[in-house]
Each structure stands twice: as structure tokens, then as C-alpha cells.
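Asks: Take this structure first; my questions come after.
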Amino acid sequence: MTHLSTKTLTMLGITAFLLIFIEATFFGNGSIMFAIIGAFFMYVSIRRKRKWLFWLGVIFLGIALLSMWSLRLVIIGVLLYLLWKLRKGEEFHISVSKQPAEQANSFIQNKLFSFQGTPIESYEWQDVHIQSLAGDLLIDVTQTVLPKGASLISVRQGFGKVKVLVPYEIPVRLHYSTFIGDAHCFGQTYPRIWNDTIAVRNGYENAEDSSAELIITVSTLFGNVEVIRQ
């Protein structure tokens with residue numbers, strides 16, 4: 091079964107928004123109101139868990155689809171993508187290399203769009219507080235020594251993936267909230283999280299002698315988080 095990743099859904103959503111915006115701005119198609127109302131109903135249905143609102147939103151989007159060429163292009167694009175995936179029979183992966191630090195006192199910067207990572211070589215630990223609109227973030231805690239007490243990684247991001255590599259001996263607490271996203275933590279998978287928060291604790295059963303712990307808080311609009319021990 092072909093599964094659309096969160097990143098793919100994000101790109102489809104951005105593309106659909108741009109096409110609808112172009113049609114409404116330059117061609118004056120009033121049917122955009124049906125699309126907005128439909129999207130609003132679907133959003134409320136996810137928040138309130140009201141199935142009838144979801145289908146009402148589908149009806150409004152269907153009306154918009156009949157009169158907006160931009161939505162038709164999106165549907166055609168999705169169908170062509172699914173056919174391509176089914177024919178190819180393999181996943182498409184994009185790897186993002188690590189980038190060196192820009193400043194000595196902060197190895198990860200607040201940027202609107204970014205593909206960042208901690209240094210490849212050993213480095214001195216600093217708590218991470220990052221905000222960005224979109225991008226991929228890689229934090230490798232195995233290349234540093236955490237100080238005594240709680241160390242913090244805090245990420246607020248609109249779109250993208252956050253990956254954290256942690257050593258085996260450090261207990262970890264993860265708090266992840268998202269509108270639409272996936273989580274892969276310590277060998278467990280939490281697929282397609284809809285407007286929800288998950289909390290995971292790992293490594294505390296053998297942490298009596300440990301004087302350090304890592305607290306990870308991630309908040310995204312569309313994205314996913316991955317926490318791996320190595």
C-alpha cells in the first residue's frame with residue numbers, strides 16, 4: 091500500500107494553496123469561498139472529532155473543485171504521483187547533509203528556512219532553542235557530553251523534520267505536538283498524528299546513577315520527529 095509521507099502532504103498542501111491563491115487573485119474566481127469554508131469545516135472536524143463536519147467540508151470542497159481549475163490540477167497531480175509510486179514500487183528518499191556552525195556561540199540558528207545540524211566533530215553542549223518556518227533539523231547528542239541536571243532541546247517549526255540522536259545511557263523525555271505529523275521514537279512508530287500531543291519517557295528505569303537527562307519538546311504544524319539511540 092502506498093503511504094503518503096508527511097513531507098509529501100505538506101508539499102501538496104503548499105502547492106494547492108499557491109494555485110488557489112493565484113486563481114483567486116488574478117482570475118477572480120469566487121468559488122474560493124467554498125474551498126475556504128470546506129477547509130474550515132475539515133479543520134474543526136479534526137479538532138472536535140466531528141465526522142459529520144468532515145463530510146460537510148468534503149461537500150464544499152467538491153463544489154469548489156467543480157469550478158476551480160487550480161483544485162483540478164492538484165487532484166490530477168496527486169493521482170499521477172500515486173500512479174508513479176505504484177509503478178515504481180519503491181520509496182523516494184532525500185538526504186540532507188549536515189551544515190557547520192555559523193557562529194562559535196550557537197551551532198543552530200533561528201532561520202525562516204533552514205537545513206541545519208550540530209557539528210560532525212565533538213562539541214560543547216548548549217541547550218537548543220530553535221524557531222523556523224520550514225526545514226530539516228538534525229541534532230546529534232552523541233557527539234557531546236551533557237552536563238549534570240536537565241538539558242533542553244526546544245523546537246518550534248511550521249514544516250519539516252526534526253531528528254535527534256541520543257546516547258544509550260541518557261534518559262530522555264519527549265513531548266511532541268503537531269497538527270498533522272508522524273513520530274518515530276526509540277523503535278516505536280506513531281503514524282499520522284492529527285492535532286494531538288504525545289509524551290514519551292525512555293531510559294529512566296536504569297537511570298538511578300545518571301546525573302543527566304535530556305528533555306525534548308517539539309511543536310510543528312506539518313512535520314515529523316525521530317528520536318534514535320546510538
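Under our numbering, the first residue of the sequence shown carries the number 91, and numbering increases by one thereafter.
The beta carbon of each residue, even a glycine, is placed where N, CA and C say it ideally should be.
Remember, it's a predicted structure, so these values are computed and weren't measured experimentally.
Please confirm if the segment 272-284 is in contact with the segment 224-231, defined as three or more CB-CB distances below 8 Å between the two stretches.
Replies: no
Asks: Can you tell which of 229, 254, 261 and 286 has the C-alpha that lies nearest to the C-alpha of residue 269?
Replies: Here residue 269 refers to the residue found at position 179 when the sequence shown is read from its first residue. Of the candidates 229, 254, 261 and 286, the one whose C-alpha sits nearest the C-alpha of residue 269 is 286.
Asks: Can you name the residues that DSSP bridges to residue 242?
Replies: To locate residue 242, count along the sequence shown from 1; it is residue 152. Bridge partners of residue 242: 305.
Asks: Starting from residue 369 and walking both ways along the beta strand (DSSP E), at which residues does that stretch end?
Replies: Here the chain comprises residues numbered 91 to 320, so residue 369 is not present and cannot be evaluated.
Asks: Residue 307 and residue 274: beta carbons closer than 8 Å?
Replies: Within the sequence shown, residue 307 is the residue found at index 217, counting from 1. Within the sequence shown, residue 274 is the residue found at index 184, counting from 1. Not a contact, by the Cβ cut-off of 8 Å.
Asks: Given a cut-off of 8 Å on the beta-carbon distance, is the pair residue 245 and residue 220 in contact?
Replies: Start at 1 with the first residue of the sequence shown, and residue 245 comes out as number 155. Start at 1 with the first residue of the sequence shown, and residue 220 comes out as number 130. Closer than 8 Å, so yes.
Asks: Between 231, 123, 237 and 267, which has its C-alpha nearest residue 247's C-alpha?
Replies: Translated into the one-based positions of the sequence shown, residue 247 becomes position 157. With distances taken between Cα atoms, residue 247 lies closest to 267.
Asks: Tell me the residue span of the beta strand (DSSP E) that contains residue 227.
Replies: As a first step, residue 227 is located in the sequence shown; it is residue number 137 there, counting from the start. From DSSP, the beta strand (DSSP E) with residue 227 extends over 218-230.
Asks: With H, G and I counted as helix, E and B as strand and the rest as coil, what does DSSP make of residue 233?
Replies: One-based indexing of the sequence shown puts residue 233 at position 143. DSSP places residue 233 in helix when its eight states are reduced to three.
Asks: Straight-line CA distance for residue 316 to residue 276?
Replies: As a working note, residue 316 is residue 226 in the sequence shown. As a working note, residue 276 is residue 186 in the sequence shown. Using only the alpha carbons, I get a separation of about 8 Å.
Asks: If residue 109 and residue 164 are in contact, beta carbons under 8 Å, what's the gap, nearest whole angstrom?
Replies: Numbered from its first residue, the sequence shown carries residue 109 at position 19. Numbered from its first residue, the sequence shown carries residue 164 at position 74. Confirmed, about 6 Å.
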